[in-house]
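Residue numbers (our numbering): 1033 to 1250.
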């Protein structure tokens, strides 16, 4: 079942001050947004990544859903790498992380539902590690978090416009533009990117942000 938004989403809507990863000529991707559904959730869903955190979001706006949030898929430790991408030199490999969702459903049952999705996007590697259960706010329950590999490329993940907050939706004619690269890329929608708002970049990057804040991101 979907869980509540904002429980573990670190704030990051704007580029890091002084960033050197600004994309000079933002380009759209030719790859369509990856949409799937599962036997238990027969609605359009998509994958979303923020640095080393992975989420499932609704593939479009639904009237019964207040936000796009469905569930987080992992609960990274502070000592984990800042990204789940493969190390330099192994870019041909896929993202991997420890499956530890925040939904109330049993983690293994949820994983089996995702493995039965209409379009394959995840597989189990066979590795596991002990973690505090992401669904337990008191951190009293431990689980064997299984390592999973994502079979979808970054270009197929759902994107949110970091300027106006609009999410991509299933059926959109255009994908959002990447305006900053790095472990946590920044995207702008076609409406925002068509204006010369990149000229306001220095102003935007001066806005203070708390990475531990939990804004209404979703």
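A virtual CB, placed ideally from N, CA and C, is assigned to each residue, including glycine.
Are the CB atoms of residue j and residue i within a distance shorter than 8 Å?
| i | j | result |
| --- | --- | --- |
| residue 1100 | residue 1086 | no |
| residue 1200 | residue 1190 | yes |
| residue 1148 | residue 1071 | yes |
| residue 1211 | residue 1178 | no |
Going by Cα to Cα distance, which pick from the options is closest to residue i?
| i | options | result |
| --- | --- | --- |
| residue 1176 | 1224, 1187, 1143 | 1143 |
| residue 1068 | 1092, 1214, 1135 | 1092 |
| residue 1224 | 1078, 1213, 1209, 1216 | 1209 |
| residue 1129 | 1174, 1182, 1140, 1082 | 1182 |
| residue 1096 | 1221, 1075, 1206 | 1075 |
| residue 1078 | 1150, 1109, 1125, 1141 | 1150 |
| residue 1136 | 1065, 1103, 1170, 1218 | 1103 |
| residue 1272 | 1217, 1198, 1161 | What is shown of the chain runs 1033 to 1250, which leaves residue 1272 out entirely. |
| residue 1184 | 1154, 1169, 1167 | 1154 |
| residue 1198 | 1222, 1160, 1172, 1167 | 1222 |
| residue 1163 | 1172, 1156, 1157 | 1172 |
| residue 1158 | 1167, 1180, 1168 | 1180 |
| residue 1088 | 1109, 1188, 1203, 1156 | 1188 |
| residue 1220 | 1192, 1213, 1203 | 1192 |
| residue 1145 | 1073, 1066, 1109 | 1073 |
| residue 1109 | 1204, 1138, 1161, 1062 | 1161 |
Quick one: measure Cβ to Cβ for residue i and residue j, integer angstroms, because I've assumed they're closer than 8 Å.
| i | j | result |
| --- | --- | --- |
| residue 1127 | residue 1116 | 4 Å |
| residue 1165 | residue 1132 | 7 Å |
| residue 1257 | residue 1215 | One cannot answer for residue 1257 here, as it falls past the ends of the chain, which runs 1033 to 1250. |
How far does the beta strand (DSSP E) with residue i in it extend, from its first residue to its last?
| i | result |
| --- | --- |
| residue 1177 | 1174–1182 |
| residue 1103 | 1101–1104 |
| residue 1078 | 1077–1082 |
| residue 1131 | 1128–1131 |
| residue 1086 | 1085–1090 |
| residue 1154 | 1154–1164 |
| residue 1210 | 1209–1212 |
How should residue i be labelled, buried or exposed, when 16 other C-beta atoms within 10 angstroms of its C-beta is the threshold for buried?
| i | result |
| --- | --- |
| residue 1195 | buried |
| residue 1106 | buried |
| residue 1250 | buried |
| residue 1124 | exposed |
| residue 1098 | exposed |
| residue 1094 | exposed |
| residue 1122 | exposed |
| residue 1226 | exposed |
| residue 1170 | exposed |
| residue 1228 | Low local confidence applies: a pLDDT of 49 at residue 1228 is under 50, so the model's placement there is unreliable, and no value is given. |
| residue 1167 | buried |
| residue 1152 | exposed |
| residue 1207 | buried |
| residue 1081 | buried |
| residue 1140 | exposed |
| residue 1244 | Note that residue 1244 scores a pLDDT of 40, beneath 50, so its modelled location is shaky and nothing firm can be said. |
| residue 1213 | exposed |
Residue range of the alpha helix (DSSP H) that residue i falls in?
| i | result |
| --- | --- |
| residue 1222 | 1222–1225 |
| residue 1141 | 1139–1147 |
Closest Cβ-Cβ distance between residue i and chain C: below 8 Å?
| i | result |
| --- | --- |
| residue 1173 | The structure shown contains no chain C, having only a single protein chain. |
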